[in-house]
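Chains A and S supply the protein sequences, listed in that same order. So the first sequence is numbered by UniProt numbering: it starts at 1 and just counts up by one. So the second sequence is numbered by UniProt numbering: it starts at 1 and just counts up by one. For every residue, glycine included, the Cβ atom is placed at its ideal position computed from N, Cα and C. See below for the structure under consideration.
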Amino acid sequence: MTFTIPIDNGDAVKNAEADSQRTLYPYVTGTSIVAIKYKDGVLMASDMGGSYGSTLRYKNIERMKAIGKHSLLGASGEISDFQEILRYLDELILNDNMWDDGNSLGPKEVHNYLTRVMYNRRNKFNPLWNTLVLGGVKNGESYLGMVSMIGVSFEDNHVATGFGNHLARPILRDEWHADLSFEEGVKLLEKCMRVLLYRDRSAINKFQIAKITEEGVTVSEPYSLKTFWEFKAFNNPTAGAEGSW
Amino acid sequence: MFRNQYDTDVTTWSPTGRLFQVEYAMEAVKQGSAAIGLRSRSHVVLACVNKAQSELSSHQRKIFKVDDHIGVAIAGLTADGRVLSRYMRSESINHSFTYESPLPVGRLVVRLADKAQVCTQWSWKRPYGVGLLVGGLDESGAHLYYNCPSGNYFEYQAFAIGSRSQAAKTYLERRFENFKESSREELIKDAILAIRETLQGETLKSSLCTVSVLGVDEPFHFLDQESIQKVIDTFEKVPEDEEDNAGEAEIGAVAPAEQGGSGDQDLAPMEM
């Protein structure tokens, strides 16, 4: 996908240079993030894969990070842009802490800050190629929101990015309800992640689940889900259609 | 304070370590008409005396809404006050836009103080000639700050600035320990009573004062004349003798000390 904007000077060389300043396509990407609100806060799940096109190049990428005391950010899309966003947020939280005045940026504030950043980049035709999920708890209130690479931003009780929107959200629409316990929440997320593992070719079987409550953020150790491949139809896949094609 | 050879420039120190221009700026605050602020745990009340240049003109606005959760009362050069209010509104709205969240008043006050400090360190600038009583809310509740032309700021339970503010301060000093737990109505009544102290004998009428309130569940707004008059009526009916005796003692004690702001005739046209 190339974005070309006519530049007034009409100089082909200058155009090329200007193009090289602009995001054209993503290179190393992460796939879906799925997140839900539950009784004590927010639960978020992601796999640990970083794809380089169709190659599953990196298998230990943490795509969810704690932000300050109250928030958790998950990202899909270009990994290097996610790292850039983490640097912006690091500075933001640092300056917030330096005030040392009892006020702190909560998840709502971080979400809106990110929306501004993403939207402004989009306006300059130089987006950060990510879809971000921001969850957190502050003063007893849970917050869960999403921002896309073009600056579309909203809050909801459950969100997902990429393939998660198509495969996970229908499950969540049916089975999510308020005040899920931690165990119920994890089970629900694992159900979604399993479907994504079967059907999303850029997903890998190595997950992390993160939880944010009033106490803080915890990201689990990586683990894998049990999968089932013993369907009868898989046993003799070419039965009924022997031949070279 | 007498003229001396170290007071021409704001960037000239005196041998005793003073910046006279900054101190003169603080004098300008004392010349303005009184402004009062007080706070409880959940509310802040800002009140001021309405002074008009003449009977023909309207009175100057000395209290400004900065945001739903922040208000400011000024004393001194009102033009400077207007400019700083605009700056505060701008900072507040920019923060709201980026973070969808109200700017904590403590952080606004620091930015204001830093802005004032800049004017005390550049030879081509002059200090702002206005004192600001900033009342607002943040996560930890209601706060009241006083911003000085020197670039200092202090937090207060209650404070008064401008001419004859000493009378109000004395009244507030007697009562401030109660303010934390005061109800909204008690706080408003105390503010109006403090205003009355600065009028020194002049009958208190609702047309003479402006009162504003903000609180945890109450956005900043001005009280209308009727509400103010109702509060005045609750105490103006009290036999004047009691109040006057207490009042006179204070005024008597205060008069010699209060050299700065005595007499409206001394007010320069730009000061209110």
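Check                                                                                                                          : Outcome
Amino acids of chain A, ordered along the chain, whose beta-carbon sits closer than 9 Å to that of E155 of chain S             : Per Cβ cutoff of 9 Å: no residues; E155 of chain S is ~11 Å from chain A at best.
Given L84 of chain S as reference, the closest of S:A158, S:S163 and S:G129 once Cα atoms are compared                         : S:G129
Three-state secondary structure assigned by DSSP to A203 of chain A                                                            : coil
H70 of chain A classed as buried or exposed, judged by whether at least 16 other C-beta atoms fall within 10 angstroms         : buried
For F228 of chain A and H95 of chain S, the rounded distance between their alpha carbons                                       : 51 Å
Pairwise C-alpha distance: L24 of chain A and V216 of chain S                                                                  : 48 Å
Contacting positions in the stretch 80-99 of chain S - beta carbon closer than 8 Å to chain A                                  : F97, T98 and Y99
Residues that I70 of chain S bridges to, as DSSP identifies them                                                               : S:D67 and S:G136
Rounded separation between A25 of chain S and S150 of chain S - CA only                                                        : 8 Å
Whole-Å CB distance - G74 of chain A paired with Y119 of chain A, under 8 Å assumed                                            : At roughly 19 Å, the Cβ-Cβ gap does not stay under 8 Å, so G74 of chain A and Y119 of chain A are not in contact.
Given L132 of chain A as reference, the closest of A:A239, A:T29 and A:P237 once Cα atoms are compared                         : A:T29
Secondary structure, beta strand (DSSP E): runs of 3+ residues fully inside the stretch 151-221 of chain A                     : 153-155, 158-160, 207-213 and 216-219
According to DSSP, residues forming a beta bridge with I67 of chain A                                                          : A:S71
Own chain residues within Cβ distance below 8 Å of D7 of chain S, not counting five before or after                            : S14, F20, Q21 and Y24
Where the beta strand (DSSP E) through A47 of chain A begins and ends                                                          : Checking the sequence, you will find Asp at residue 47 of chain A rather than Ala. Note, D47 of chain A: beta strand (DSSP E), G41 to D47.
Interface partners of G106 of chain S on chain A, CB under 9 Å                                                                 : W99, D101, G102 and N103
Close beta carbons around L172 of chain S, own chain, < 7 Å, minus the five adjacent residues each side                        : L38, A158, A160 and A194
Given 8 Å, three or more beta-carbon pairs between the stretch 192-209 of chain A and the stretch 46-60 of chain A             : yes
Where L24 of chain A falls: helix, strand or coil (DSSP)                                                                       : coil
Cβ-based contacts, 7 Å cut-off: residues of the UniProt domain "Proteasome alpha-type subunits" (6-28) of chain S near chain A : none
Beta-carbon proximity check, A47 of chain S vs A35 of chain S, cutoff 9 Å                                                      : yes
Proximal residues of chain C, C-beta to C-beta of R116 of chain A below 9 Å                                                    : Protein chains in the displayed structure are A and S, and chain C is not among them.
Best match in S:H59, S:I228 and S:E91 for proximity to L103 of chain S [C-alpha to C-alpha]                                    : S:E91
Min CB distance S42 of chain S to chain A below 9 Å                                                                            : no
Separation of F163 of chain A from P127 of chain A, as counted between CA atoms                                                : 20 Å
Three CB pairs or more closer than 8 Å across the stretch 101-109 of chain A and the stretch 135-151 of chain S                : yes
Cβ-Cβ separation, I209 of chain A to L189 of chain A (assumed contact under 8 Å), whole Å                                      : 6 Å
Host beta strand (DSSP E) of L92 of chain A (start-end)                                                                        : L92 of chain A -> not in any beta strand (DSSP E); alpha helix (DSSP H) instead, spanning I79 to W99.
Supposed contact pair V105 of chain S and H59 of chain S - C-beta distance, whole angstroms, cut 8 Å                           : In fact, because the Cβ distance is near 26 Å, the residues do not count as touching under 8 Å.
Any chain A beta carbon closer than 9 Å to D67 of chain S                                                                      : no
Where Y156 of chain S sits in the DSSP three-state scheme                                                                      : coil
Chain A contacts made by the stretch 127-149 of chain S, where a contact means CB separation under 8 Å                         : D138, E139 and S140
Best match in S:C148, S:H221 and S:T170 for proximity to V109 of chain S [C-alpha to C-alpha]                                  : S:C148
Alpha-carbon to alpha-carbon, R57 of chain A and K232 of chain A                                                               : 32 Å
Test: R121 of chain A CB closer than 9 Å to a CB of chain S                                                                    : no
Beta-carbon proximity check, G76 of chain S vs G162 of chain S, cutoff 9 Å                                                     : yes
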